[in-house]
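When the letters of the sequence shown are read in order and numbered with this note's numbering, they come out as residues 4 to 201.
Note that CB positions come from ideal geometry on N, CA and C, so glycine has one too.
Treat the numbers as computed from the prediction; the structure is a model and nothing was measured.
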Amino acid sequence: MILLCSVDLFYYSLIGLAVYHFIGPWYIGYLSDDYFGAIFLWGVIVRGIHLPSDIQSYVGIIQFLFFLIPLTLCLCSSCYNRYIQLQPIASLNESYCNRAIRILTVYILFGYALLFVLYWSYMNTASYKLAWILSPFSLILAIFSFYLYGKSKQLKIGDFKLLQSTTNSYHCSIRRNTIEMDNGQNIITSRRAEVKNH
Numbered sequence: 004m005i006l007l008c009s010v011d012l013f014y015y016s017l018i019g020l021a022v023y024h025f026i027g028p029w030y031i032g033y034l035s036d037d038y039f040g041a042i043f044l045w046g047v048i049v050r051g052i053h054l055p056s057d058i059q060s061y062v063g064i065i066q067f068l069f070f071l072i073p074l075t076l077c078l079c080s081s082c083y084n085r086y087i088q089l090q091p092i093a094s095l096n097e098s099y100c101n102r103a104i105r106i107l108t109v110y111i112l113f114g115y116a117l118l119f120v121l122y123w124s125y126m127n128t129a130s131y132k133l134a135w136i137l138s139p140f141s142l143i144l145a146i147f148s149f150y151l152y153g154k155s156k157q158l159k160i161g162d163f164k165l166l167q168s169t170t171n172s173y174h175c176s177i178r179r180n181t182i183e184m185d186n187g188q189n190i191i192t193s194r195r196a197e198v199k200n201h
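Have a look at this one:
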């Protein structure tokens, strides 16, 4: 998760997606006969009239649990695998178990998340005519997810800002101080200090 948060694109995209989930409009389109409206977490707006929510909170929880969390896990695993590939000492020989875990956590999880958002959004907007194309939580969300997944496969080592600044610029050394006591015994104290590479 730290690797994912160190890449600005993924950090701000996933935070923005989680916030948009609560303030949204989820779906935009013709909600009834010739009346254009929008569906939010907190209700529906049709012809300027606010209708209180009935099942939108359940729909939001389902989409949050079955799409946003698997997408985040998939991007975490994809960023981790890309970071391992970019390491100069990384061995490219991969065991069968590691390959199976990567396939499960990246490819299958991403395929599941993408199919879920396409199916879920189509089932929720099938009667709203153009809502499947116009809505931010339908086809646009699937395209955005595919874009993030593609970017996770093309990361460079410079994109991992947090780890690069902590691992490349500092190393630790230990300072030892000796304290003499009145009875002739020595007490050695050690202290870890960060020393900057020059």
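Assignment of beta-bridge partners to Val49 by DSSP yields Gly40, Ile52.
When C-alpha distances from Asp37 are compared across Trp135, Gly19, Arg50, Thr75, the shortest belongs to Arg50. Ser148 is classed as buried because its beta carbon has at least 16 other beta carbons within 10 Å across all chains shown. Gly32: member of the beta strand (DSSP E) spanning 30–35, first to last residue.
Its chain contains Gly40, Ala41 as the residues whose beta carbon lies nearer than 6 Å to that of Ile48, once the 5 sequence neighbours on both sides are disregarded; these appear in chain order. The three-state reading of DSSP puts Pro91 in coil, since its state is none of H, G, I, E or B. Where Gln59 is concerned, the enclosing alpha helix (DSSP H) starts and stops at 59–66. Sequence-distant partners of Thr75 (beyond 5 residues in either direction) whose C-beta falls short of 7 Å from its own C-beta, in its chain, are Leu17.
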